[in-house]
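Here the structure comes first, spelled out in structure tokens, and everything after it is commentary.
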Amino acid sequence: MAEMFCVKCKEKRTVDDNAVKRETTAKGRPILKAICPICGTKMTKFTK
Ligand SMILES: [Zn+2]
-8 MAEMFCVKCK EKRTVDDNAV KRETTAKGRP ILKAICPICG TKMTKFTK
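This is the structure in structure tokens:
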């Protein structure tokens, strides 16, 4: 499970790992992408 912040709900959402995409930005930083299960907004989060 991954905890991510939805900017539209202004609340933290817990997203199942299966629904989280791991990507890398153009600058090489790893990020997580997911869809808020409540409102459907895209959420992104930088990882370490
Ligand atoms: Zn939301």
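Counting with my numbering, you get residues -8 to 39 for the letters of the sequence shown.
We put the CB at the ideal spot given by N, CA and C, even for glycine.
What you are looking at is a predicted structure, and each value in this text was computed from that prediction instead of being measured.
Problem - For ligand 1, residues whose Cβ lies under 6 Å from any non-hydrogen atom - result: Ordered along the chain, the selected set is C(-3), K(-1), C0, C27, I29, C30, T32.
Handout entry: The beta strand (DSSP E) enclosing V6, as first and last residue numbers
Key = Residues 2 to 6.
Problem - Contact with chain D by L23, beta-carbon distance below 8 Å - result: As a matter of chain content, chain D is missing from the structure shown, which is built from one protein chain.
Handout entry: Pick from A(-7), F(-4), V6, K39 that is closest to R20, judged by C-alpha positions
Key = Nearest C-alpha to R20: K39.
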